[in-house]
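Read the structure below first, then the notes.
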Amino acid sequence: MPPTSLQRTLVKSTLIAGAAFVALAACGTGAKDGADQARGTRAAVPAPAKPVKPVKARVHGLPGMPPVLDPRDVYAADRPNKLSPVVKDFPSRVYVPNTESDTVSVIDPKTYEIIDTIRVGRQPQHVVPSWDMKTLWVNNDRGNTLTPIDPSTGRAGKPVDVHDPYNLYFTPNGRYAVVMASLDRELVFRDPHTMERRKTVPVSCYGVNHADFSLDGRYFIVSCEFSGELLKVDTEKMKVIGQEKLPFAGAMPQDVKVSPDGKRFYVADMMADGMWVLDGDTFSKPTLLPTGKGTHGLYISRDSREMYVSNRGEGTVSVFDFAENRVTKKWRLPDGGSPDMGGVSADGKVLWLSGRYNSEVYAIDTRTGAQLARVKVGSGPHGLAVYPQPGRYSLGHTGIFR
């Protein structure tokens, strides 16, 4: 039987109402993606978890490595004052290795005063937090020892024999310590507690010194200071899988840092006066981003938005904005100086840097760039460590935390 006039009217009204509903659902506000549109009346359900899940699933970390907290930010665990239970009761201190005085100056960051001076081995280069964050290791390069310091008491323990420990890192799974044996031209994988040698990897470049790890922890990039080269090392295989010469005559690469999203590596170069930027996954040819004379140390802000770049040759700190991909500010130390290595305070408000050639340490306000203090220390202050700092575990150097 053909539909009556009333039935045809009802069907037509229903179709019009349905089309209007679909049109409204499709328009949205412009902020919702296709998944939100498909949910129709359920579009009001909070959506952030939906796009994150598949991204996290793609991060297949180094076996044994703690899970990546946020695949968009490798520094997600480093938020202001987010201290691990392991370190939360440690007194806040700044540990300064004085390479020519063979001491470590211990500064109280609240008073800016030296409260202790610890005798260590010959030519201490860096103070390095252990992977489990329970120990600070002083790298006595020419003394061929590591001096352990208990950060809960500030007391030094018995030195451990380790040859040519210019710098020290830890694999993201905590399985190995990696000694940067600069003069020996070796990467030495050791037990992270006893420091017994497990594997020696000879390298053909000169002056291995600094490094940082990829987002998934499966490789790390190493700078070779004296031959102007970079290495790419497979973490699990403990094998060099890439090597390239920097495209600058006389290049001297220093500190290395990975970007928050893990897509780029930045390498400070004190002779090229800037940072080399490269894709670590492809180990592509790097490009130079100028920052200042004598570019040396790289430190990430607590919100992961900026990186502080010390320019040792001109007494300045450049502030690099990751989102804008450029230097947005430059802070100049009053009366000059030689800002070198250091770290950021637990609350993110103060950048601490050693004055390598001025026997002093600088405390800089990260909000304004103003100098808060200059503290006189021993001769040749170098890789100072601000401790404790936020994070779940340490990758070494003066404090790279994840």
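Quick note: the sequence shown uses this note's numbering, first residue 550, plus one each step. The beta-carbon is built from N, C-alpha and C at its ideal position, and this holds for glycine as well.
Trp-901: member of the beta strand (DSSP E) spanning 899-904, first to last residue. The C-alpha of Thr-696 is placed about 11 Å away from the C-alpha of Gln-674.
Arg-621 is the residue among Pro-939, Thr-947, Arg-621 whose C-alpha sits nearest the C-alpha of Asp-765. Look at Asp-810 here: in three-state DSSP terms it is coil, with no helix or strand label.
Closest in alpha carbon position to Gly-777, among Val-910, Gly-791, Val-709, Phe-797, is Phe-797. Residues of the same chain with a CB within less than 7 Å of the CB of Lys-878, apart from the 5 flanking positions on each side, are Val-868, Gly-918 in chain order.
Note on Lys-806: 16 or more other CB atoms within 10 angstroms of its CB, so buried under the neighbour-count rule. Where Ala-726 is concerned, the enclosing beta strand (DSSP E) starts and stops at 726-730. Separation of Val-910 and Arg-916 (C-alpha to C-alpha, rounded to the nearest whole angstrom) is 19 Å.
When the five nearest sequence neighbours on each side are left out, the beta carbons in the same chain lying within less than 7 Å of the beta carbon of Ser-859 are those of His-845, Gly-846, Val-866, Pro-888, Asp-889, Leu-902, in order along the chain. Comparing alpha-carbon positions, the option among Pro-721, Gly-706, Val-676, Ala-705 lying closest to Pro-714 turns out to be Val-676. With a cutoff of 9 Å on beta-carbon distance, Arg-861 and Met-819 are scored as near each other.
Each residue's CA atom was taken as its position, placing Val-645 and Val-653 some 5 Å apart. Proximity to Val-750 across Asp-830, Phe-738, Leu-838 peaks at Phe-738, based on C-alpha coordinates.
If you check the CB distance, Pro-721 and Leu-632 do not come in under 9 Å.
In the DSSP secondary-structure assignment, Arg-881 is bridged to Thr-865. Of the candidates Ala-625, Trp-880, Asp-870, the residue whose Cα lies closest to the Cα of Gly-864 is Trp-880. Across the structure, Lys-812 and Val-789 are spaced so that their CA atoms are roughly 20 Å apart. Here Asp-804 is buried, its C-beta having at least 16 other C-beta atoms within 10 Å.
One thing to note: His-759 has its Cβ no nearer than 9 Å to the Cβ of Pro-700. Burial check for Lys-659: the Cβ neighbour count within 10 Å stays below 16, so the residue is exposed. Ranked by how close their Cα comes to the Cα of Gly-829, the residues Asp-822, Lys-794, Asp-690, Asp-761 have Asp-761 in first place.
Here Tyr-906 is exposed: its Cβ has fewer than 16 other Cβ atoms, across all protein chains shown, within 10 Å. Taking Leu-921 as the centre and dropping the five residues before and after it, the same chain places the C-beta of Ala-912, Asp-914 closer than 6 Å to its C-beta, in chain order. Put simply, the backbone Cα of Lys-683 is about 10 Å away from that of Pro-937. Taking the CA atoms as reference points, Val-655 sits about 22 Å from Pro-629.
Runs of the alpha helix (DSSP H) lying entirely within the segment 735-797 and spanning at least 4 residues: none are present.
Contact between Val-935 and Gly-892 holds, since their C-beta atoms are separated by about 4 Å, short of 8 Å.
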